[in-house]
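The sequence shown begins at 6 in the working numbering and counts up by one. Just so it is clear, CB atoms sit at the ideal spot from N, CA and C, and this is done for glycine as well. For reference, the structure is listed below as C-alpha cells.
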Amino acid sequence: METYLSWYREGRMDESAFRSVTDHLARSGLTVEHPVLGGGTLLDVVGEQVKLPVGRILELVGLSLGPLCMQFWLSADTDVVCDVRYVAPDTQVLTFVLGGLTESEREQATDAVQRLILRELDRTVALLVDLGGETADEDADALVLDGRLPTGPRPDRVQLRTDRLSTIPTVLAGAEVTDLGNGLSTVRW
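This is the structure in C-alpha cells:
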C-alpha cells in the first residue's frame, strides 16, 4: 500500500476555488501543468493518461460531476496522483498518493499540502495521514465527517482544526492529542 494524505475541505470547490488551491500548490512546487509538455493530465479508469488543457481540468473539478483522478507534477518525470471527490452534503476531498516518491519528494509534497491547509484553515475539516495506505475511504469519511472510529485500520494521524475537537468526543477517546499551535491539532491512536 502507498502513503497518502487526504485533505477534507468544507464546501464544494467551484472552478475559481480550485484554481486558487492549485495556484497555491504550484507556489510550493506541485503543479497541475506539466513543466515541459504543458497542459494537465487526468487518469482514466484504467490509469491511462488523458492530456487536457489545465483550464478544462479545473472546470471539470469545479463541476463536481464525479470523482476525478489527476496528476500534479513535482518535475517533468515525477508526479503525485490526486483523487478529487465530493462527499455530500458539503465536503470536497483531495487525496494525494505519495507512493513511489523519494523521501525528499514526499517531504516536498507533504509540505505543499501542509501550507495549503494552513492557508485554507477556515475551510479545512481535516488532513488524514495514512503512511501505509490501509484506511478505506468509507472509514476515513466516517472518522472525519461523522466522528466514528473506523472498524478497520485507523490512519496514522489526523490533523483537525483545534476549535472542532469538542465536536468529536468519541474519536478522541483513547487518542493522543497534540496542539500544533497553528490552529490545528494532531490526533493519533
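So for Arg124, helix, strand or coil by DSSP?
DSSP places Arg124 in helix when its eight states are reduced to three.
Which of the three DSSP states, helix, strand or coil, is assigned to Glu15?
Residue state, collapsed to three classes: strand.
In the structure shown, what three-state DSSP assignment does Leu154 receive?
If DSSP states are grouped into helix, strand and coil, Leu154 belongs with coil.
Taking the alpha-carbon positions, what's the Ser21 to Gly71 distance?
The straight-line gap from Cα to Cα measures roughly 18 angstroms.
At what residues does the beta strand (DSSP E) containing Ser190 begin and finish?
Leu189 to Arg193 is the extent of the beta strand (DSSP E) around Ser190.
I need the boundaries of the beta strand (DSSP E) containing Val163, first residue and last residue.
Per DSSP, Val163 belongs to the beta strand (DSSP E) from Arg162 to Arg166.
Would you mind stating whether Tyr9 and Gly105 have Cβ atoms separated by less than 8 angstroms?
It is not a contact, given that the beta carbons lie outside the stated cut-off.
Give the list of continuous beta strand (DSSP E) stretches no shorter than 3 residues that lie fully inside the region 23-50.
Here the runs fully enclosed are 45-48.
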